[in-house]
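In my numbering, the protein residues as written are 34 to 128.
Using N, Cα and C, we set each Cβ at its ideal position, and we do this for glycine too.
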(Lines of atoms letter the chains of each structure in order from A; the text may use other names.)
(Lines give C-alpha, C1' and ligand atoms only; values in the text may rest on other atoms or scores of the structure.)
Protein backbone atom coordinates (compact mmCIF):
# COMPACT_ATOMS: atom_id res chain seq x y z
CA UNK A 34 0.00 0.00 0.00
CA UNK A 35 2.19 2.85 1.26
CA UNK A 36 5.94 2.61 1.41
CA UNK A 37 6.80 4.31 4.71
CA UNK A 38 10.25 2.78 5.16
CA UNK A 39 11.98 6.14 4.54
CA UNK A 40 10.21 7.69 7.58
CA UNK A 41 12.14 6.76 10.68
CA UNK A 42 11.31 7.49 14.26
CA UNK A 43 14.21 9.93 14.47
CA UNK A 44 13.01 11.92 11.43
CA UNK A 45 9.46 11.98 12.76
CA UNK A 46 10.67 13.24 16.15
CA UNK A 47 12.82 15.98 14.54
CA UNK A 48 9.95 17.08 12.30
CA UNK A 49 7.48 17.27 15.18
CA UNK A 50 9.97 19.22 17.35
CA UNK A 51 10.60 21.63 14.48
CA UNK A 52 6.88 22.20 13.96
CA UNK A 53 6.34 22.75 17.68
CA UNK A 54 9.17 25.28 17.72
CA UNK A 55 7.77 27.10 14.67
CA UNK A 56 4.25 27.21 16.12
CA UNK A 57 5.56 28.43 19.49
CA UNK A 58 7.55 31.22 17.77
CA UNK A 59 4.53 32.29 15.69
CA UNK A 60 2.33 32.29 18.80
CA UNK A 61 4.90 34.36 20.71
CA UNK A 62 5.18 37.01 17.99
CA UNK A 63 1.41 37.18 17.51
CA UNK A 64 0.90 37.63 21.25
CA UNK A 65 3.58 40.32 21.43
CA UNK A 66 2.06 42.18 18.47
CA UNK A 67 -1.45 41.92 19.89
CA UNK A 68 -0.28 43.18 23.27
CA UNK A 69 1.51 46.13 21.68
CA UNK A 70 -1.51 47.00 19.52
CA UNK A 71 -3.84 46.71 22.48
CA UNK A 72 -1.68 49.08 24.53
CA UNK A 73 -1.64 51.61 21.68
CA UNK A 74 -5.43 51.49 21.37
CA UNK A 75 -5.89 51.98 25.12
CA UNK A 76 -3.50 54.96 25.11
CA UNK A 77 -5.31 56.50 22.13
CA UNK A 78 -8.66 56.09 23.89
CA UNK A 79 -7.31 57.77 27.03
CA UNK A 80 -5.91 60.70 25.02
CA UNK A 81 -9.19 61.05 23.12
CA UNK A 82 -11.19 61.08 26.36
CA UNK A 83 -8.91 63.71 27.87
CA UNK A 84 -9.13 65.84 24.71
CA UNK A 85 -12.92 65.64 24.79
CA UNK A 86 -12.97 66.75 28.43
CA UNK A 87 -10.60 69.64 27.70
CA UNK A 88 -12.67 70.60 24.66
CA UNK A 89 -15.86 70.59 26.71
CA UNK A 90 -14.28 72.72 29.41
CA UNK A 91 -12.85 75.22 26.93
CA UNK A 92 -15.71 75.47 24.45
CA UNK A 93 -18.71 74.47 26.56
CA UNK A 94 -19.35 77.96 27.90
CA UNK A 95 -18.31 79.66 24.67
CA UNK A 96 -20.81 77.62 22.65
CA UNK A 97 -23.70 78.77 24.82
CA UNK A 98 -22.40 82.32 24.72
CA UNK A 99 -22.04 82.11 20.95
CA UNK A 100 -25.61 80.89 20.52
CA UNK A 101 -26.99 83.71 22.68
CA UNK A 102 -24.89 86.27 20.81
CA UNK A 103 -26.09 84.88 17.48
CA UNK A 104 -29.70 85.11 18.63
CA UNK A 105 -29.18 88.74 19.66
CA UNK A 106 -27.54 89.58 16.33
CA UNK A 107 -30.46 88.07 14.44
CA UNK A 108 -32.94 89.99 16.66
CA UNK A 109 -34.60 86.89 18.08
CA UNK A 110 -36.74 87.25 21.15
CA UNK A 111 -36.26 85.05 24.19
CA UNK A 112 -39.31 82.86 24.78
CA UNK A 113 -40.52 82.68 28.36
CA UNK A 114 -43.30 80.12 27.92
CA UNK A 115 -44.66 77.98 25.11
CA UNK A 116 -48.38 77.74 24.35
CA UNK A 117 -49.50 74.79 22.28
CA UNK A 118 -52.34 74.91 19.77
CA UNK A 119 -54.63 71.92 19.64
CA UNK A 120 -55.67 71.22 16.07
CA UNK A 121 -59.09 69.61 15.86
CA UNK A 122 -59.52 69.55 12.10
CA UNK A 123 -57.27 68.94 9.17
CA UNK A 124 -56.29 72.63 8.86
CA UNK A 125 -55.51 75.34 11.36
CA UNK A 126 -55.86 79.07 10.97
CA UNK A 127 -53.71 81.27 13.14
CA UNK A 128 -53.90 85.00 13.41
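*Which of helix, strand or coil DSSP assigns to residue 114*: Counting from 1 along the chain shown, the entry for residue 114 is found at position 81. Looking at residue 114 - three-state DSSP - the assignment turns out to be coil, as it is neither helix nor strand.
*asked:* According to DSSP, is residue 40 part of a helix, a strand, or is it coil?
replied: Looking up residue 40 in the chain shown gives position 7. Three-state DSSP puts residue 40 in coil, outside helix and strand.
*What's the gap between the Cα of residue 67 and the Cα of residue 60?*
Here residue 67 corresponds to residue number 34 of the chain shown, with the count starting at 1. Here residue 60 corresponds to residue number 27 of the chain shown, with the count starting at 1. Approximately 10 Å between the Cα atoms of the pair.
*Look up residue 109 in the DSSP assignment and say whether it is helix, strand or coil.*
Along the chain shown, read from residue 1 onward, the residue named residue 109 stands at position 76. Three-state DSSP puts residue 109 in coil, outside helix and strand.
_Between the CA atoms of residue 104 and residue 110 - distance to the nearest angstrom_ = As a position in the chain shown, residue 110 is number 77, starting the count at 1. As a position in the chain shown, residue 104 is number 71, starting the count at 1. Between residue 110 and residue 104, the C-alpha separation is close to 8 Å.
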